Structure formats: structure tokens, C-alpha cells
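S.K.:
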Amino acid sequence: MKFTDTPLLSTIIESSPFGICIVNTDLLTVEMLNNRYVEIYGESTEFLLGESVDYLIAKGHHLDKKIVSDVILYKKTIKTAPVYLNFVPLKDQQGVNISVIYSPVLNNEGEIKKVAIWIVENDFASVDVQNGNVEKAAIDLENEHANSLLKEIPSAFAILSGKDLIFEFINSTYQNLVPGRELLGKPFLEALPELVGSDLERSLKKVYTEGIALNFSDDLVPLSNTELDALEQRYFTYRLIPRFNNEKIVDGIFIFTSEVTHAIDDKVNLERTSNNLNQIINMLPASVVIIRYDNLIVEMINDANLAYWKKTRDEVIGKPFLEILPDLSDQPFAGQLRRVMETGEIIDVKESPVLFIESDGTVRETFVDYTYQPLTGVDGKRDGVLVMSFEITDRVLAQRQLEQSANMISQANDQLSILINKLSKSESRFKLVFQKAPVAIGLLRGKDFIIESANKKILEVWGKTENIVGLTLAEALPEIKDQPFIAFLDKVYATGKPFYANEIKAMLMHDDELKELFFNVVYQPIANAEGNIADILVVAADVTEQVKARLIVEKSEAYFKMLADLVPAKISNALPTGEVTFFNKRWLEFAGMSFEDLRDFGYYQMMHPDEISKFHKGLADASSSKTAYVSEMRFKNTDGEYIWHLNIATPIFDEQGNLTMWIGSTTDIQWLKEEEQRKNDFIGMVSHELKTPLTSVNTYLQLLLRKAEKTDDEFLKRAYIQSLKQIKHMTDMINGFLDVSRLESAKLQIEKSEFDFSELIEEVCIDYKLLYSTHHFIFLPAESIIVNADRLKIAQVMNNLVGNAVKYSENGTDVIISYETFEDRIRVIVKDQGMGIKAENLKKLFEQYYRVKNNSQIAGFGIGLYLSAEIVKAHGGTMWATSEFGKGSVLYFELPLL
1 MKFTDTPLLS
11 TIIESSPFGI
21 CIVNTDLLTV
31 EMLNNRYVEI
41 YGESTEFLLG
51 ESVDYLIAKG
61 HHLDKKIVSD
71 VILYKKTIKT
81 APVYLNFVPL
91 KDQQGVNISV
101 IYSPVLNNEG
111 EIKKVAIWIV
121 ENDFASVDVQ
131 NGNVEKAAID
141 LENEHANSLL
151 KEIPSAFAIL
161 SGKDLIFEFI
171 NSTYQNLVPG
181 RELLGKPFLE
191 ALPELVGSDL
201 ERSLKKVYTE
211 GIALNFSDDL
221 VPLSNTELDA
231 LEQRYFTYRL
241 IPRFNNEKIV
251 DGIFIFTSEV
261 THAIDDKVNL
271 ERTSNNLNQI
281 INMLPASVVI
291 IRYDNLIVEM
301 INDANLAYWK
311 KTRDEVIGKP
321 FLEILPDLSD
331 QPFAGQLRRV
341 METGEIIDVK
351 ESPVLFIESD
361 GTVRETFVDY
371 TYQPLTGVDG
381 KRDGVLVMSF
391 EITDRVLAQR
401 QLEQSANMIS
411 QANDQLSILI
421 NKLSKSESRF
431 KLVFQKAPVA
441 IGLLRGKDFI
451 IESANKKILE
461 VWGKTENIVG
471 LTLAEALPEI
481 KDQPFIAFLD
491 KVYATGKPFY
501 ANEIKAMLMH
511 DDELKELFFN
521 VVYQPIANAE
531 GNIADILVVA
541 ADVTEQVKAR
551 LIVEKSEAYF
561 KMLADLVPAK
571 ISNALPTGEV
581 TFFNKRWLEF
591 AGMSFEDLRD
601 FGYYQMMHPD
611 EISKFHKGLA
621 DASSSKTAYV
631 SEMRFKNTDG
641 EYIWHLNIAT
651 PIFDEQGNLT
661 MWIGSTTDIQ
671 WLKEEEQRKN
681 DFIGMVSHEL
691 KTPLTSVNTY
701 LQLLLRKAEK
711 TDDEFLKRAY
721 IQSLKQIKHM
731 TDMINGFLDV
741 SRLESAKLQI
751 EKSEFDFSEL
761 IEEVCIDYKL
771 LYSTHHFIFL
781 PAESIIVNAD
791 RLKIAQVMNN
801 LVGNAVKYSE
811 NGTDVIISYE
821 TFEDRIRVIV
831 KDQGMGIKAE
841 NLKKLFEQYY
851 RVKNNSQIAG
861 FGIGLYLSAE
871 IVKAHGGTMW
881 ATSEFGKGSV
891 LYFELPLL
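Quick note: the numbering used here has the sequence shown finishing at residue 898, numbered continuously throughout.
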């Protein structure tokens, strides 16, 4: 007969919190497994049913075939010692200790036909399974075959039946939880009345009514002690599982439980002991740390030691000593710790230097007295070290400083007389500076603010004479009684913090008349040798005229708006958020709208839709950089036409640097745009017309040069070569103007293709060696690299850079051309030995038509480098230059490889 033929037993086995495997004794093969067992070993039921014990052992199951044989032979239950099991397949569990329990299952004739194998975890592993006797059940189980297995369940087990939860079955372990009480046949709450109204009662009702299983760990259950007639606080780990009848209706509850009161008490005591120990070592004046085992694991450490190491407790507990402080690996401490554990000797060291490497790379030198004492484990073997140390850095450094000071005292005495003489001169010089200073300065002594000294400027500001020196400030200036200055000075004296104020108002008596004055003042506290505030230095600047001027300006806002209506430009004001608060008359006439229509953000109606987002970004950049945002924008007039304007949005900030408003100035540049278009058209036409005759002249000159090269007339050959240079120079200028025109009209086309960059460099060098025999061209070899770019345009850039290097360097000097590659880009470098460029000119080097002033004797229009930079930019690259004036320049550009 199989266990699956017994529905009740099958339900219990499947609901059990233990892993259960039933093995028949005839073939030692698996007859039944519950889900918990297959979860523990990450297997599936269908792959294990019918397999042999040998197969399970080979798969890594914690089984022993000899123990199975002993159980069959001696007809007794055998429990193995705990082993550690790593629950890899169970995502919600970590590794735990388990015990394996082998129980014989007898048939009606007393023969062992099956062995039940229980995989018991943690707290359930501590239950007593040697006593397999079970109190007689109140009801007959379906057969003795099943009853014999229930007796072997390795924990306290009970079955509650019906709505009243009557104890239908209990094993001896469950009965031992409440000795002396009759449980079988009684309702749960009648047998255990102290649990009426408890959480356990509510949990049982929930399981019975809702048909769900509940698990509890370390749960408090108050139970009465019949011997002591008192209520005891006891803790249990238990599982409540509903029992279903054939109609799938709950008709009872299975209870698996294990008492963990002693474990909880031990845990609390351990925590209390550990806490007491931590408090004790934290009270010690020394730094204390306990280090265990050969890998020097930090087991315990006090706060003083953490402060010395500059670490937190989480950073050190459970970590190896040299992992926490790798900078101590070259110092003797790790070796000494291992020697103490190996030999048992006590190491006591005085004034030992300890060097720590700080996070910024600096070395922190400290000194300690320390003692290493060996510790033994529970097995009596040495496995740790108690480290007690005292940091004496201050004492050692003070001793060093004392020695240095002793050497310096004699030298100081020699200098003392010289310093005294200098001091008298310095004091006289200070008094002269104090009196002649262009700002008001006074020195107030003590908490009564006695005027100890006052320079000529502060006496003028106060409207007083030198007769007030020696008086308190309140006596010298009685008119400030109800003004805030004495209170400010009191606060500076009390806190030691200086006081600053700008444009502070003061009413001071001048020639028997109160005058309104404004000052920027500083009250600076001065400490004596003991560090206490003794004096206050008063420094004041009279800003009365500036304040009055500003007030006048503030009153002229209406006048400004009137003037804004008269100027030909379009003027506007806006809040920091961009909401417009003022449009002058020119704006309203241009838009054909009222201010109410345009205020706030109504002016968006005039802006070209393509430029609104760019305008927002420009304002944000201008606000962060505190510079005006200058842009060319289109605004719609009354005829619905978009007219080009130069728009300048200037941010205005207050004294604290906060943005207070925007001032906008907008000028019609439609005519200028039209003129630029006509200019570009003209340049394009002229360039085309000039290039045709130049091409013919260039061809004839090349033919003449070939003929001249067959003669001995060196003058004629040089003349033709120079002529060809001029033709090339003129062609380059025409192409430059044409490309600039295309750039400005956004018609410059980039046609990319893949080519070998090293071949392009060689071509440039060959051309310039022929054209400029006056210079030495050096190409530093580099690996061949394929780039994706416009070959003609990049050749034009190279010609510009090399031509520039020739133009601005002396004959006979070197021009060095090289390039280097990175992961995703190529960098080209052209270096000359010419006159160089001053630092202030470098940032303007790539501007259109810009030429360095001191090089005006050299031909050119200042468009070559501008055009080159724009071509590189169109490729997604960058161009820059470095130079040391008088020693040459280096020009760079980078291109993406793809």
C-alpha cells in the first residue's frame, strides 16, 4: 500500500514544513517526495520518483545508505549531526544548518517496509525524535500504517478537528509543551483557556475560515504554568495548515510547532552581553580592537579606535585588517599580529610610527604605544589578538617641536634686538598709514567701546575733533542712541563675528545740524593673546553721494520710458522669467498691436516659430554667464512679413547677483541682410570671372616652366616658379572668398568619401616642397588611416595651415607635419618655427578677416584660418592653436574617423 492511498497522511506530508522522502525497503527506491524536499535540492518530483538512494547520494543529497540499513536492521530512529546546506535554488533563503532524521515505518505485522527521511532545518532540528511514542489518538486514523509515520514527525504536531478545533491527534512532543494537561478530545480554547482572545486564536480562525496556511517565527505565546500557577512568556516557531475534506471544505487544522524560548532568551542575553562589552570597551581611554584568525578579521572595535582609523563600524567589522587599511601592508603590524597568534608572546611597543595615506594622497604620520595580547577560542587554541593602543602623536610632535624650539631660542635672542628696532619703525609707519588712510578708521576698546584711536577721516565723518578720544562711543556720539550701531557692536563683541553693511543710513550731528549720511561699514573684532575679543576695528566708507545718485536714477524710470519712445530702436523690458513689462512706441507701431496684446508672453505672436526655442536657450546661457545675448531674429510686421532684426537681450543683476530684469534693444537689419546677399552674389560672380583667366595663365606658365627647365637659364626658371606661386596665391584667395560667401549663405557643401589620410599629407608635402624651396618640410611618418571626409576640403585646410606656417616663419626653418589617431578621431598637427602669436591674439585667430596687427606687412585677408575652422566644424571636428611668442606656433585640428 502506498502513502498516497491515505488522503489524510498524504495531505500532512505535503503540507509539512520539512523535506520528506519515503523510501521502500525492498529496492531502496524513492516512493514519495513532498514539495519541500524537491525545493531544497532544486530538483523536480518526476525526475526523482523511482530512483535509488545511490542515485540521490550521487546527486548531492545529504543521505547515508548505511544509516538506512541500520534503521531497517535495528528498527529505531536515527538522527544525524547538523550539516551546512546552501539553499541555492531557493531565492528567498540563505544557507542554514540541517539535520537528517531516518525513521522506520512498520506495517500491521510489525515489519519495516518503508523508511521516512526528514530534512529538518534550524529550530525544528532541535526537537527530540528519539521518543517515537504517541498518545493514543481520539479518533482512528485510516490505518496503522499511516499512524506509525505520524508518530515519527520530528516536531510537536497536532491535528485540530471541526469548527470548535477539537484536538483530534497530538504527538508526545506536542504534549510535552504543556505537561499535565489533557488535550485529546477537547476544543483548543478549552484545553488552553489562557489563549482566548490572543493573536493565536485569531490566526486559527483565519486559517479555518479562509483556508490559507500561516507561518510564524519567534512568536510570543503566553501559557500558564500549572505547577507555579503563573503565566509564562514563551516563544514558538509554528505553521498552521488547513485540512480539506473530499468536498474541498476546511474541516480541520494541522499544527507543526517548535518552542524557541531558550533560543530567544539566549539571543537577548547574548545581545545584552555584547552591548555591555561594547559599552565597557568604549569607556576605556585606549583604542581597542579584537582581531581573529590568520586573515586578521576585525571582530570588535571601540569608538576611539574607529576615530583613530577614520573609519565607520560598517567599514571594519568582519573585514580583513589589511583590506581595511591597505596602506599598512608595508608596516610591521600584520606580521606581529600573526606572530602573537602563533607563539603566544605579548608584544609591547612604545612610540611606534604609523603612517596612513589620506584620500587626497597625503601621508598622515601618527605615533602610538600599543600592546598585542593573544586570545584563545572555545577550543583552547590561540586564534586572536587583543590590541590596545594609545595615540601619542601630539606628545611626540610636541617633544620634537620642543627640541626645535630650544635650538631656535638662541637664534631668536640674537634677532630680538634687531626686531625691536624694526618694530618701533613699523609702529611709526602704521600710525602714519592709519592717519593718512583715505577711509574712516577707528579702534574701540572693550565692551564699553571706548574710542582708543580715530584717524582724521573718521573724525570728519562723525563731525567731531580729537577731543573724543578716550570717551565711549555713546558719549562721543549721543545722537546715535536710538540708531542700531551700538546693538551691532554688542553682537560683534559677543559673537566674535565681523559685521558688514552697505549703504547703511546714519543721522550724525555736523555743526549743530543732523545730517543724513550713508556708509559701507565693517566692524572687525580683534582678539587678545588669550583669544578673547578685546577691541573692535571700525572701517567706514562714505557713500552718501553714490546712494543719493542712485535714488535719483530710480526716480527717473518714467523719464527713461519717455526717452525709449523717442529713440529709433525698439526697446523693451522684461521680468527674469521673460514676461515683458514694457514695449516702446516703435515696437507697438511695428507690430500694429497694443501693449496689452503683447504683454506677458504675447510677443511670441511676432517671433518666427523656428527661433523661439533658440531664443529661450540663449536667454538661459546669458543669465548664467551674465552677458548679453546677441542674436539675429525675424519679427512679423503689420503686413505679416518677417523682417530681420539684430536683437540684444541684456540681463540686469542686483548687488547680490540676482537677475532682476531684461533690457531688450532690437534694430531692423533687413537692409543689411539684403546687402549681404548682394555682396555674396557679387563675390560669387567676380570669383567665377577671375578664375577663368587665371586658369589659362596658370596653364601657360606651367608650359613655359617645362620649356625653361630644358635650358640653362636659371633666372627664367625662377621667374616662372615665382609667377606660379602668385597664381596659386591668387587662386587660393578667390576660392577662400567664394567659400566664405557660401558659408554665409549656408550653401557650403561637404561631400564625404573614404580615403587614405597619409596619402593626402604626402601630396601636400610634395606640392609645398616644389613651391617653397625656402623651407624644409618634414612629415613624421604614421600608420596609414582611412577617414571619411571631403578630401578636397580637407586638402584646402591642409594648404591653409601649411601656407600659414610658411608665411609666418623665416626662410630655412622647418615646417613639421604629423598626425596621430585615437579610438574615434584623428588629430593633425602643423608646427612651425616662426614668429609665434601673443596669448591675447590666440582666441581671435579663427575669426573672419582677423589678422594680427604686428603682422600687417604679410599679405592676406584673414579668411584662410576662419574658412579652415568652419570646414573642420562642418565635419564635426574642432581646430585650435598653441604658441609661444617668438618661438613658433602649433596648429591642430581633429576629425571624427567615421
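Quick reminder that beta carbons are idealized off the backbone N, C-alpha and C, glycines included. As the structure is a computational prediction, the values presented were derived from the model and not from experiment.
Count the other CB atoms within 10 Å of the CB of N305; is the residue buried (16 or more) or exposed (fewer)?
M.R.: Counting C-beta atoms within 10 angstroms of its own C-beta, N305 has 16 or more neighbours from the protein chains shown and is therefore classed as buried.
S.K.: I'd like to know whether the C-beta atoms of L189 and E201 end up nearer to each other than 8 Å.
M.R.: The answer is yes: Cβ separation under 8 Å.
S.K.: Beta-carbon within less than 8 Å of K206's beta-carbon, same chain only, minus the 5 sequence neighbours each way: which residues are those?
M.R.: Close CB contacts of K206 within its chain, under the 8 Å cut and outside five residues either way in sequence, are with I212 and L214 (chain order).
S.K.: Quick check on G496: buried or exposed, where buried means 16 or more other Cβ atoms within 10 Å of its Cβ?
M.R.: G496 comes out exposed.
S.K.: Comparing C-alpha positions only, which one of L27, N24, P17 and M388 sits nearest to V38?
M.R.: Minimum Cα-Cα distance from V38 among the listed residues L27, N24, P17 and M388 corresponds to P17.
S.K.: Buried or exposed: E870, going by 16 or more other Cβ atoms within 10 Å of its Cβ?
M.R.: Burial call: buried.
S.K.: Distance check for Y370 and A286, CA to CA, integer angstroms please.
M.R.: 9 Å
S.K.: How would you call G380, buried or exposed, if buried means at least 16 neighbouring beta carbons within 10 angstroms?
M.R.: exposed
S.K.: Apply the 10 Å Cβ neighbour rule to P374 and answer buried if 16 or more other Cβ atoms are within range, or exposed otherwise.
M.R.: The residue in question, P374, is buried, as its Cβ has 16 or more Cβ neighbours within 10 Å.
S.K.: When you compare only the Cα positions, how much space is there between V127 and T257?
M.R.: Low per-residue confidence applies at V127: pLDDT is 40, beneath 50, and the placement is therefore not dependable, though the value from the model is reported in the following sentence. Distance between the alpha carbons of V127 and T257: 10 Å.
S.K.: Under the DSSP definition of a beta bridge, which residues are partnered with A649?
M.R.: Y629 and G664
S.K.: I need the DSSP call for V120, collapsed to helix, strand or coil.
M.R.: strand
S.K.: If you run the structure through DSSP and keep just helix, strand and coil, what is E840?
M.R.: helix
S.K.: Are the Cβ atoms of I486 and G470 separated by less than 8 Å?
M.R.: no
S.K.: Specify the secondary structure class of S856 as computed by DSSP and reduced to three states.
M.R.: With a pLDDT of 46 at S856, under the threshold of 50, the modelled position of this residue cannot be trusted; read the value that follows with caution. If DSSP states are grouped into helix, strand and coil, S856 belongs with coil.
S.K.: Shortest alpha-carbon distance to A795 belongs to which of D251, R634, L85 and Y768?
M.R.: Out of D251, R634, L85 and Y768, the CA that lies nearest to the CA of A795 is found in Y768.
S.K.: Using CA atoms only, rank isn't needed, just tell me which of K831, D824 and T362 is closest to G876.
M.R.: D824
S.K.: CB-CB under 8 Å to H608, same chain, minus the five flanking residues each way: which ones, in chain order?
M.R.: M633, R634, F635, K636 and Y642
S.K.: Threshold first: 4 residues or longer. Then list the alpha helix (DSSP H) segments lying entirely within the region 746-828, N to C.
M.R.: Within the region 746-828, the complete alpha helix (DSSP H) segments at least 4 residues long are 757-771 and 791-807, listed from N- to C-terminus.
S.K.: Residues in the same chain with beta-carbon distance under 6 Å from E31, minus the five sequence neighbours each way, listed in chain order, please.
M.R.: I22 and N24
S.K.: To which residues does DSSP link S889 through a beta bridge?
M.R.: S883
S.K.: Whole angstroms is fine: what's the gap from K79's alpha carbon to T237's?
M.R.: Distance between the alpha carbons of K79 and T237: 21 Å.
S.K.: Mind reading off the beta-carbon distance from I829 to S883? Whole number of angstroms is fine, and I expect it under 8 Å.
M.R.: With a Cβ gap of about 13 Å, I829 and S883 do not count as contacting.
S.K.: Rank L508, C765, Y772 and I170 by C-alpha distance to the C-alpha of S723 and give the top, closest one.
M.R.: Comparing alpha carbon positions, the residue from L508, C765, Y772 and I170 closest to S723 is Y772.
S.K.: Compare the Cα-Cα distances from T77 to each of I249, V105 and L56 and report the closest residue.
M.R.: V105
S.K.: For V764, I'd like the list of residues in its chain whose CB is within less than 8 Å of its CB, leaving aside the five on either flank, ordered along the chain.
M.R.: A795, M798, N799, V802 and I817
S.K.: Output the boundary residues of the beta strand (DSSP E) element that contains Q373.
M.R.: V363 to T376
S.K.: Cα-Cα, which of T29, L28, L27 and G60 is closest to E43?
M.R.: G60
S.K.: Could you compute how far the alpha carbon of K570 sits from the alpha carbon of Q605?
M.R.: The straight-line gap from Cα to Cα measures roughly 16 Å.
S.K.: Taking DSSP as the reference, what is the three-state secondary structure of L200?
M.R.: helix
S.K.: Go ahead and pull the three-state DSSP assignment for G162.
M.R.: coil
S.K.: What's the gap between the Cα of D199 and the Cα of D219?
M.R.: 10 Å
S.K.: I'd like the list of long-range same chain contacts for A437, defined as Cβ closer than 8 Å, with 5 residues on each side in sequence excluded.
M.R.: Close CB contacts of A437 within its chain, under the 8 Å cut and outside five residues either way in sequence, are with N455 and K457 (chain order).
S.K.: Give me the residue from A156, I264 and K248 with the minimum Cα distance to F254.
M.R.: A156
S.K.: Report the partner residues of W644 according to the DSSP bridge assignment.
M.R.: R634
S.K.: Would you kindly work out how many angstroms separate the C-alpha atoms of D251 and E168, rounded to a whole number?
M.R.: 12 Å
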